[in-house]
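In this note's numbering, the protein residues as written are 15 to 1270. For each residue, glycine too, the CB sits at the ideal point set by N, CA and C. Please read all numbers here as calculations on a predicted model, not as lab measurements. Remarks on the structure that follows.
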Amino acid sequence: MLDPSSSDDTGGESDPEVAREPATKADGSFSLKSGAESRADGSRQRQHTAPLKQGQPAAAAAAGDGHSAHQNLRGGSTGEEEERRERERVQREEEEHKVQLQIYVFVLRCIAYPFNAKQPTDMARRQQKVHKQQLQAARERFQAFLNGETQIAADEAFCNAVRSYCEGFLKSERVCRMVQSGSCSANDFREVFKKNIERRVRSLPEMDGLSKETVLSSWLAKYDAIYGGDEDAWRRQRRGGQRPHLGAELILSKEQLYEMFRLVLGVRKFEHQLLYNACQLDNADEQAAQIRRELDGRLQLVERIAKERRCPELASGDAELYVEELRSSVNLLMANLESLPVSKGGADFKQKLKRSSAGGTFLDLGDDVDVLSKADVSLSFALEVVIVEVQGLKSLAPNRIVYCTMEVEGGEKLQTDQAEASRPQWATQGDFVTTHPLPCVKVKLFTESTGVLALEDKELGRVLLKPTANGPKQAHFQPMQVPKNSQDVELRIKLAVRMDKPPNMKHSGYLYALGHRVWKRWKRRYFVLVQVSQYTFAMCSYREKKPEPQELMQLEGYTVDYCRPQPGLQGGAVFFNALREGDLVVFACDDEQDRLLWVQALCRATGQSYKPAPPPHANRRKADTPSSPISLDLCERQGVEELVSASPCRLDHTRLFGILQKQTLRHRMNDSFSCLGWFSPGQVFVLDEYCARYGVGGCQRHLSYLKELMDLSENNTLVDPTLLHYSYAFCASHVHGNRPDGTGTVTLEEKEQFQAVRTRLMRLLDNHITHFRYCFPFGRPDGALKATLSLLERVLMKDVVSTPLGSEEMKKVLRRCLEKAAAVNYGQLLEFANWKAGAKRLEDAVRLAELVVEVLQQNDEHHAEAFSLWPELMREHAEHFLALYRLDLDLALEAQPVDSWSSFPLFQLLNGFLAADAQLCDGPFHKHLQDAFVPLVVRYVDLMESSIAQSVHRGFQQETWHSVKNGSATSEDLFWKLNALQMLALELDWPEPAFAEHLQRRLKLMASDMTEACVKRTKSAFDAQLQKVSKWTELRVPLCACTMLNVVADAKRRCPELCALDTGQEHYHSKIDVLIDDAFQDMISALVAKLGAVLDAVLSKLSRYDEGTLLSSILSFTVKAAAKYVEVPKSGTDLADAYVTFVRQNQDILRERIGDELCIEKIFDQWYSVSTKAVCVWLEDRLDLQLHVYQLKSLIKMVKKGYRDFRLQGVADGTLNGKSYVTVYNRLTVEEATLAVKAGDALDGVSMRDSDQDDD
C-alpha cells in the first residue's frame, strides 16, 4: 500500500528542516511500495544519513580554527546541501509522476471496460466563462452604445437602464473579482440585467397596445445585440448573446475520455500510447480477464483479513460486519460483470463527438477519423536542368555542329542551341514540372547528319539521371553512355539538375521501415513527409516514376522518439520509431544527422508535446530535465510492465482516488466552463467507475471532495453550496448511522475526518455569510446564498437523522454573522469611497450616503430573498449598517454653518429611501435623522420668511414695473421663493405627520401674508399711475399699468397653489381671495373709467353742435364760408377718427401686454358697455333735438367701428347687442333717414348700414 505517512500536499520546495529527514516523507511524495517495504527503505535511509550528520563537525574541526577555512567549509557544505535538495526534488517529482502513471493505468481500465457506471445525461448545463478581456470588451460595447456610436435605436428609458447597469454592475469591483475567480458566465451578466429591467418596467405605467412583456423582450434583444457586438440582432428579434457549446457537456467517447484524463494527470502522449498498448485496451477479452483477476485478488484479500482479523479501527460496527461488507461489495461487482453480454466489452460508446478548436481542449482520435487516400496526397516539383559543356568529344571534325536534348520521363523534350564540335559549350537551362518524387531525366548529345538520305541526327552519347529534392544543386561532370564502336570513350557532360521542394513537402529521404499496419516488410524505401492541410500530415513511400505513394501513414495521434537498434533487423545504423494506440512503426537510416532531421520534422508534424532527446552517447540529458519512469525504447520496458502488472489490491485506493479527484477538480475549474465545482458528465462517469471497481468508500470519496471544495472556496473561488450540502449530508448520514451507501461500519478515521471537516465547514460558512456581498455578488450564482443558509442549518443540527434545529439557535448564528457583515460592508464602503476618518465635508457625506443607499438597495434586491425566513435579521443588519454611518453623518452635520441649508439634499436622499422601505421606516436611524434635521428646517423657514419680507419691501420701493415673465421682477422673485420653499417642504416628505402638517400650515400662512402685501402695493402703484394719464384721445394705457394688472392676475392664479392646504379645506387665509378679487376688480374698473372719460370728452365736444345753440350756428357758418375759398376736410372725420384710433391702439396695447385672457375680456366687456351706455345717455338727453350733420357723422363712425373692433377682440354677442346698443342704433338710423330726406347726400356716404366701403 501507499505509505500511510504520506502527505496530501504535492509539489513545491521542501522545508530545509524537514528535508534532512527523508524517512518522514514530509515532502509530499508518494510511494507505490507496500507498507513494510516503505518502512524498510526508511530505516536504510536513516542509517545512511546518520554518519553524514555526525561527520560535519569533525570535518570542520579538522579544517582548523582559522576563519578562512571555516568559511570555505561552510560554502562547500551549502553547495552540497543545495545539490542534495535538487536531487531530492527531482526524485520527488519522479515519484509523484510514477504515482500519477499508476492512477492513469487504473483510469484507462475503467474507461476501456466499464461495468458499473454510466455517463449521466441529466446534469445541469454549464455556461462558458467570462474572462477579463471579455469583461473589458463588454464595458467598451455598452459605453459605445451610451455614446451613440452604434446603430441600435433605443428610447430614453432603455438608455437609463443600460447606464445604471454599466455603473452599478459592469464597473463594480465585485464583478471583477467574480470574473477573476472564473465563476462568472455571460448568462450571469444577462440575468442581472434582466432583473434590473424587470423592476424598472414594472414601475412604468400601462400603455395601450403595448404589453410590458413585449417591452422586456425588446430590451433583452437589444441587450444581446450590444453584448454580442451584433447591431442587427435586435432587429431580427433573436438571441445575439453567447450560447453554450452544443457538444461541450454531452457524452464523450473513449478516446476523448483518455485524452481528458491524460491531461488531468499530466501524462505525456507517448506514455499514454505505451500504456495503452501494454494494457491491451483495445482487447475486450483481456480487459474482462483483468477484472476477474482483480476481483479474485480482492476476495483473497477479504479472506486474509477475515483470517488474520486485521481491520481498521472502527467507531461503529465490528470486524465481522466489516468483512461481510467487503465481501458484499466484491459480490456486487461480480454480479455487474456477469450481467454484461459476452465479448461485447463494457459500455458501447457510439456517440463520437469532436470539439471545435474554439471550445474544445482535446480531439477525438477514434476510428472515425477521416482517413487519407492516395489521391489526397499530391506533389508538384519544379526541375531545372542546366547543360554547361561537353568534354572528350574526339570523333568529330572541329567544324561539325552538335547540340543536346533534355527530357523528363513522361514530359516534353527541350533542345539547346547549336555549337561547333571544337567548343561544345551552352550554359542552357531547361525548366520542367513533374509530379514524380523520383523522376527520371534523360540528356542526349547529337550531331547534325551530313548525308543526303539521313532522316535523323546522329546520337553521340546519353546520360540518365535520377534526382531527388535533397540532391546536389551545383553543376558537375557525368560520364555519358556512347554507342558501340564509338571513339569517344571518355565522353562526359557537365550539367546540374536542381529539384525544388514544394511547400507541402517537409522532408524526404531513404529509410528502412517496418510497421504493423503499413510497411510490413523491412526494406529500404524512399519516404516523403507531406503536409496535406494545416493539421494533417502523412508519411508516404514512393517508387520511381510513380506520382502516387505506394503506401502512406497519417501521422495524427503518433508520438515519435529515438530508439536503440532492434535485434533481427538488418539494414540501417540508427533507429527511431512512431507509436500510437495499436500501432508501432520502426524506422532506420544510415546517418545520425539524417535521423535527427527526420525526428525533428516528424515531431513538428505530429504536434506532440513530448520532446524526444537524443540517445545519451549523442547528447546527455540535463540533470534538471524531468524524466519519465517509462521509455519508448523496446529494450527498456520494465517501467511499463511494473505499472501494468501492479496489483490493485496492494494499493491504497482511497489515497490514490483522492489524488485523482483533486487533479480532476483542478482541471475542471481551469476549463472554459463556469462549473462552480461540478464535474462534467464524463468525469463523473470515470470517478464513479473507479470508486465502484476499486472499492473506494462513499464517505471517503465525499470527505475528500469536501476538502477540495473548501480549499477552492477559501481561495476566493465560487463553489456551488449545493455540492457542499450534498457531500456533507452524505458523510453526516454515514457517520451517524443512516448508511446511505449501505455501509454499516464507520471507521474511526472517517469519524475524525468528518468532525474536522464539520468544524472547518462551519468556519467557512460563517465567513461566507459574513461576506455575503462579496462571496455571492449580485445574488450570483443564482440561489447560492439560500443554499448556503440551508447548509448552515444542516451543519448546526446535532443529530442529522432525527433532531431538527431550533430556530433560535439558527437565528443566533445568523445574527452574529450579519452583525459582522454590517461592519465588513461598511468598512469596504469607506475604502471604496476613500473616506478619511473625521471627514466633515458635506459633499463627502452625500456621496457616502448614496453608496449606503445603493448597498442597502442591492442587499434587498439580490440577497433579501435568501433571508426570507428571517426578515427581522436583515432589518437588524440594515440598522447596524446605518448606525455605523450615523457617526460620520453627525460629524458632517455638526461641521455645517448654522444658517446653511445645503444639507437638505442629504436628508431627502436618506429619508426618501427609508420612507419607501417598510422595514426601515420609523426605525432607530430614521428617527435619529428626523431629530437631527428638525432644528435645521425650522431655522431655515424662519430665515426665509424674514428674507422674503425684506425683499418684498425693498423690491416694491425700487420697482420699475418692467414686464418680467408673468409679472414684474419683484413679484416673480416673490412667487418663485414661495414656491421653492413649499416645494422644498414637499420634497423633504417629512415622515412625522404632526411636524409635516405644522410645516405646511406655516408655509401657507407665509404665502398668504406675502401675497397680500404684494397685491396691496401693486394696487397703490396702479392708482397712482392712472392719476397721471391724459383724458383725451391721446391717452395710451401705460405699459407699467399692464404689468401691474399682470402681477395681480398672476397672484390670483398662484393663490390656490401657494395658499391652499392639501387637505381639501378652504384657503388658510380666507381673506386673501377676497382681497385679490376686490383689488383686481377695482383696478379694471379704474382703467375702464379712465378709458370711458375719453369718450365723455369727445361727446362733450360734439355737444357744441346741438340744435338751437349759438355756437352751433357759428360753427356751421364758418365751415360753409371757408369752403368757397379753400378745400375743407369733410366734417366729422377728424374727431371720430381720433377716437377710433384711440380705441384701436389701446386695444392692441392691452391685448399685447396683459397675459391673462380673462382680464382682457373683462376690460373689453366693461369698456364696450360703458362706451355704449354713455352714447345712449347722450342721445337720450337730445330726444327733442335733431342731430347736427357733424354730430351724426361722428357718432355713426364711432359706434359702427367701435362695434366691429370690440367684436374682433372677442366681446360676446350678447354684450355687443345689448339694450343700449339697440337704442343707439335705432336713433342713429332714424336721424340718418331724416337727414337724407332733408339734405340728400349731406352725410358724404357715412351710414349705419353694413358696407365694405368704410375706410380703415
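If I measure Cβ to Cβ from residue i and keep anything under 7 Å in the same chain, skipping five residues before and after, which residues do I get?
i, result
"ARG123", "CYS293, GLN301 and GLN304"
"PRO210", "The displayed chain sequence assigns Asn, not Pro, to residue 210. Cβ within range, chain order: ALA175, SER178 and TYR179."
"MET553", "PHE541, LEU543, LEU566, MET567 and LEU569"
"ILE1174", "LEU1164, ARG1165 and ILE1168"
Would residue i pass as a contact of residue j if the rule is Cβ separation under 8 Å?
i, j, result
"PHE601", "LEU525", "yes"
"LEU386", "GLN564", "no"
"LEU1059", "MET1097", "yes"
"ARG808", "ALA743", "yes"
"LEU184", "CYS173", "no"
"THR898", "LEU865", "It is worth fixing the name first, because residue 898 is Leu in this sequence and not Thr. Against a cut-off of 8 Å, the Cβ pair of LEU865 and LEU898 comes out as no contact."
"SER688", "SER197", "yes"
"GLU480", "LEU452", "Here residue 480 turns out to be Lys, not Glu, going by the sequence shown. Yes, these two residues count as a Cβ contact at 8 Å."
"HIS748", "CYS713", "yes"
"VAL574", "VAL532", "no"
"CYS663", "ARG312", "yes"
Straight-line CA distance for residue i to residue j?
i, j, result
"ARG276", "THR92", "39 Å"
"SER1261", "VAL1203", "12 Å"
"ASN873", "ARG213", "15 Å"
"LYS520", "GLN545", "7 Å"
"GLU220", "ASP1087", "40 Å"
"LYS1042", "THR1155", "21 Å"
"ASN291", "ILE240", "52 Å"
"GLY1228", "SER1044", "31 Å"
"PHE589", "ASP296", "27 Å"
"ARG155", "GLY243", "7 Å"
"CYS1069", "SER1022", "8 Å"
"LEU1109", "ALA1250", "27 Å"
"HIS1081", "GLU1071", "Model confidence at HIS1081 stands at a pLDDT of 43, short of 50, so the residue's coordinates are unreliable and nothing is read from them."
"GLN922", "LEU903", "14 Å"
"CYS935", "GLN1014", "21 Å"
"LEU1193", "ALA994", "57 Å"
"VAL457", "GLN548", "39 Å"
"VAL869", "ARG204", "21 Å"
"LEU593", "GLU308", "29 Å"
"PRO579", "GLN116", "29 Å"
"ARG1263", "VAL1184", "23 Å"
"LYS208", "PHE792", "12 Å"
"LYS1187", "SER1234", "6 Å"
"ARG794", "GLY691", "15 Å"
Tell me which same chain residues have a C-beta within less than 6 Å of the C-beta of residue i, skipping the five on either side of it?
i, result
"GLY425", "PHE446"
"GLU822", "none"
Just list the residues that DSSP pairs residue i with in beta bridges.
i, result
"MET553", "LEU543 and MET567"
"ASN591", "ASP575 and VAL600"
"ALA320", "Paired residue(s): none; ALA320 is not in a bridge."
"TYR524", "TYR540"
"GLN1180", "Paired residues: none, contrary to the question."
"ILE1349", "Lying outside 15 to 1270, the shown extent of the chain, residue 1349 is not represented and no answer is given."
"LYS143", "SER199"
"ALA396", "VAL447 and ASP514"
"GLU473", "PHE460"
"THR761", "LEU328"
Give me, in chain order, the residues of the same chain whose beta-carbon lies closer than 8 Å to that of residue i; leave out the 5 immediate sequence neighbours on both sides.
i, result
"LEU778", "MET724, SER727 and GLU728"
"GLN846", "Residue identity differs from the one stated: residue 846 is Phe in this sequence, not Gln. Cβ neighbours of PHE846 beyond the five flanking positions: GLU187 and LEU865."
- Task: Tell me the start and end of each unbroken alpha helix (DSSP H) in the segment 681-730 that is at least 4 residues and wholly inside, in chain order.
- Result: 695-708 and 712-728
- Would you list, in sequence order, the uninterrupted beta strand (DSSP E) runs of no fewer than 3 residues that lie entirely inside the segment 404-438? 415-422 and 427-429
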